[in-house]
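> Once you've had a glance at the structure underneath, I'll fire off some questions.
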């Protein structure tokens, strides 16, 4: 690639970074995020937002380039000036913006961009005069961009643990409202890690975390490398490890609400509800490959069926009406009925869309979701579902005197249902049913030619997806005891889909992480809440471009990479003449399998 | 005894008759080749037999019963398996899983048995795995061992074709339809497939109907050769008879100029 093309690419990356910083400033995100100290008072979330685009742009500038079939990796002396240039462009753009604002007066700017406030300006200029601030921004951008490009040139086995270390530190910094409380409850000191004054991490604490997490990730990777070269662990050993890990997770889940307190338990309750919705949707979208945009229908069905079976009363203008059904079932008697009815609803939705694929399926299911929203608000169903005022008086779901209304106890009900749904999803994925869904997702016609009744398996996916999705609604109903149609809008479907896509379609751990990241994080930090949809959108775009398989991809996808490595090792041994050709590879494989 | 009998099969696409009253008979334990120039209706014949297309006229009788109007999955269950002219695997599933999908119609565990891990389901799952391994084992070490866990898209071209055959084998068919099994293979691989088609019959007791363009393969495997053109049968007999049939030569090379 010619020199000018490289420079052009660097400039382009820098300009994209600049646009992102200016955009974040103008929508008010930077000002809003300034209050959140991450490390000391120096690193705030806002400053991280200003620096990150320059860093990423530097990273992009140093990316190896495939030109005429050859991979060209820039060398260090080539890369860091490029990164610096990129970062300088990104920083200078903000500086220029400051100069313009200063020239025309911040009040005139404010008429057009309401978020351009003097506070924002002082954040972006670090309190210095604008010309000096412009120089600082440019120089700082150059330094950060150069750092980004140098980071990109590090060897993968160094870069990866280092990324883990820094990301761990950032996650701890973002969890600043929750981890210190948990440490305190455990009777551990937290002062070394979190500063009670700034709220964020202390500098020594942050450095310690980065070093410790990097070292741990390094040793973990080295051990895996060693175990791949040598014999793998015995099946008993691996099973043992798995049981220990499961026990550890169960232990943490059991004490979590006591450690984090009521407010955060409540947020975990939200996470659990979306986790269940995501698990249901994962069966339809992830396993069977049908893009379903009407998932809110299952959520609403679960909630309203539970409420009606438990004889909730409609809210009317004159107060409370009579319940449509006076069965007064307990939650635990209603739940199996709700699951069955939701499965029936799934079949009813799936019926008309059996012949549709892709975009058409998405649009029709979107319509089904809307139909449900409209029905909930309709006057026609008002005597049963309460119309726009909704239902109230849903009895709690007590076991042995515990009502599960309090966030810290509701949590346990949520965990039990989530674990059950995860178990069911996992069993299905590992069976002939899961394989049939996967085959159908890969190639419907061939799946049919291989003996799979595609009609039956599509219906089954919607039925089971609906059954699991309805659990989320049932939980939602008994959690507060009243329902209004505003909780069942299109946005619910979109959010559930975002959870599944972000985590990785068809991957159960992916759905868990997706729910924690998309529902838990905005709940945890109120400034995220204000920009929730912007962040969802950005996260989805980023994931689709950078990592379409999701944060924690399905084993199938992850395995590809691992197996390829094993394969290369095997071949290199053969070519080195240490082993006879294919037969031996086959034998080695049989022992493993 | 004839295992498959195709009578007067006609399939039209708009004005074009891809099959035009075709008759064909395959006896149990036979290997029959279908040859013919491009567009002769060979693949349409396969698609119609396996239920992907519904014929306009005529009948397909398999194992004593008519299978016209059945869905493809029902036909597979009755014992007809096929491969495709262009490879159609499940690319992101592993080699073993591809073959295990083939066992689908030979297993029956439902949702309840699966979720609660009933003993019957576990035994069945083990059996599915075993039979899938056995089907892959037909190709020796090429698809066995460490290859089991590889996703299908990482396989070489020839291995993908082998996996298609193995997946078809895993459905435990009586009749195997192979659509150009050697297309795109090098001469050595072609020779291997030729030998394997024979073994499929001798070792696994399959009846085989194969579409093939490579005349060495046709000569090597066929008990009987059927030549088609414009959706009709134009010749039938041993390889030598068909190869020397003037109508066949004309279909491939065109009519000799008069004079």
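Residue numbers (our numbering), protein chains in the order written: chain A, 142 to 734; chain B, 37 to 295.
We put the CB at the ideal spot given by N, CA and C, even for glycine.
Everything numeric in this text was worked out from a predicted model, so none of it was measured.
Which of the three DSSP states, helix, strand or coil, is assigned to residue 84 of chain B?
helix
> Please name the residue or residues paired with residue 262 of chain B in a DSSP beta bridge.
B:70 and B:272
> Using DSSP bridges, identify the partner residues of residue 155 of chain B.
Residue 155 of chain B pairs with nothing; no bridge assigned.
> If you count every other CB in all the chains shown that lies within 10 Å of the CB of residue 702 of chain A, and 16 or more means buried, which is it?
Reliability fails at residue 702 of chain A, whose pLDDT of 48 lies under 50, so the model's placement of it is uncertain and no value is given.
> Nearest CA to the CA of residue 216 of chain B: which residue from B:123, B:114 and B:107?
For residue 216 of chain B, the nearest C-alpha among the options comes from B:123.
> Taking only the alpha-carbon atoms, compute the straight-line gap between residue 727 of chain A and residue 597 of chain A and give it to the nearest angstrom.
In this predicted model, residue 727 of chain A has a pLDDT of only 39, less than 50, meaning its place in the structure is not dependable enough to derive any value.
> What does DSSP give as the partner residues of residue 98 of chain B in its beta bridges?
B:40 and B:101
> Using a Cβ-Cβ distance cut-off of 8 angstroms, determine whether residue 145 of chain B contacts chain A.
Taking Cβ atoms only, chain A reaches closer than 8 angstroms to residue 145 of chain B, which makes this a yes.
> Considering only the beta carbon of each residue, do residue 684 of chain A and residue 649 of chain A sit closer than 8 angstroms?
It is not a contact, given that the beta carbons lie outside the stated cut-off.
> Can you check whether the CB of residue 78 of chain B is closer than 8 angstroms to the CB of residue 264 of chain B?
yes
> Pairing CB atoms from the region 394 to 411 of chain A with CB atoms from the region 568 to 586 of chain A, are three or more of them under 8 angstroms?
no
> On the CB-based measure, 16 or more other CB atoms within 10 Å of its CB, does residue 169 of chain B come out buried or exposed?
buried
> Straight-line CA distance for residue 168 of chain A to residue 461 of chain A?
44 angstroms
> Leaving out the 5 sequence neighbours to the left and right, which residues in its chain are closer than 6 angstroms to residue 203 of chain B when beta-carbon positions are compared?
134, 135 and 138
> Output, in sequence order along the chain, the residues in the region 123 to 138 of chain B whose CB is closer than 9 angstroms to any CB in chain A.
124, 125, 126, 127, 128, 129, 130, 132, 133, 134, 136, 137 and 138
> Less than 8 angstroms between the C-beta atoms of residue 260 of chain A and residue 155 of chain A, yes or no?
No, the pair does not count as a contact, with Cβ atoms beyond the cut-off.
> Given this structure, state the Cα-to-Cα distance separating residue 115 of chain B from residue 81 of chain B, to the nearest angstrom.
17 angstroms
> Figure out for me which residue from A:231, A:309, A:313 and A:215 has the closest Cα to the Cα of residue 666 of chain A.
Checking every option, the nearest Cα to that of residue 666 of chain A belongs to A:313.
> Between the region 542 to 551 of chain A and the region 83 to 93 of chain B, do at least 3 Cβ pairs fall closer than 8 angstroms?
no
> Using a 10 Å radius around the Cβ and a threshold of 16 neighbouring Cβ atoms, would you call residue 599 of chain A buried or exposed?
buried
> If we count the other Cβ atoms within 10 Å of its Cβ and call it buried at 16 or more, is residue 252 of chain A buried or exposed?
exposed
> Could you give the DSSP three-state label for residue 702 of chain A: helix, strand or coil?
In this predicted model, residue 702 of chain A has a pLDDT of only 48, less than 50, meaning its place in the structure is not dependable enough to derive any value.
> Excluding the five sequence neighbours on either side, which residues of its own chain have a C-beta within less than 8 angstroms of the C-beta of residue 481 of chain A, listed in chain order?
608
> Is it a yes or a no for the region 334 to 347 of chain A touching the region 171 to 181 of chain A, going by three-plus beta-carbon pairs under 8 angstroms?
yes
> Give the straight-line distance between the Cα atoms of residue 435 of chain A and residue 164 of chain A, rounded to the nearest whole angstrom.
Rounded to the nearest angstrom, the two C-alpha atoms are 32 angstroms apart.
> Measure the alpha-carbon distance for residue 385 of chain A versus residue 394 of chain A and round it to whole angstroms.
14 angstroms
> Indicate the three-state DSSP secondary structure (helix, strand or coil) for residue 629 of chain A in the structure shown.
coil
> By how many angstroms is the C-alpha of residue 248 of chain A removed from the C-alpha of residue 655 of chain A?
Their backbone Cα atoms lie some 41 angstroms apart in a straight line.
> Can you list, in chain order, the residues of its chain whose CB lies under 7 angstroms from that of residue 699 of chain A, leaving out five sequence neighbours each side?
Residue confidence for residue 699 of chain A is low, a pLDDT of 49 falling below 50, so the modelled location carries little weight; the figure read from the coordinates is stated next. Excluding sequence neighbours, residue 699 of chain A sits near nothing in its chain.
> Specify the secondary structure class of residue 543 of chain A as computed by DSSP and reduced to three states.
strand
> Using beta carbons (cut-off 8 angstroms, strictly below), is residue 485 of chain A in contact with chain B?
no
> Between which two residues does the beta strand (DSSP E) containing residue 455 of chain A stretch?
454 to 457
> Would you give the residue range spanned by the alpha helix (DSSP H) that residue 536 of chain A belongs to?
No alpha helix (DSSP H) holds residue 536 of chain A; DSSP gives it neither H nor E.
> What whole-angstrom Cβ distance do residue 442 of chain A and residue 502 of chain A have, given they're in contact under 8 angstroms?
That belief does not hold up - the Cβ atoms of residue 442 of chain A and residue 502 of chain A are roughly 19 angstroms apart, past 8 angstroms.
> Nearest to residue 44 of chain B by CA position, among B:222, B:57 and B:53, is which residue?
B:57
> With 9 angstroms as the limit, tell me which residues of the region 99 to 117 of chain B have their beta carbon closer than that to any beta carbon of chain A; keep them in chain order.
107, 108, 109, 110, 111, 112, 113 and 117
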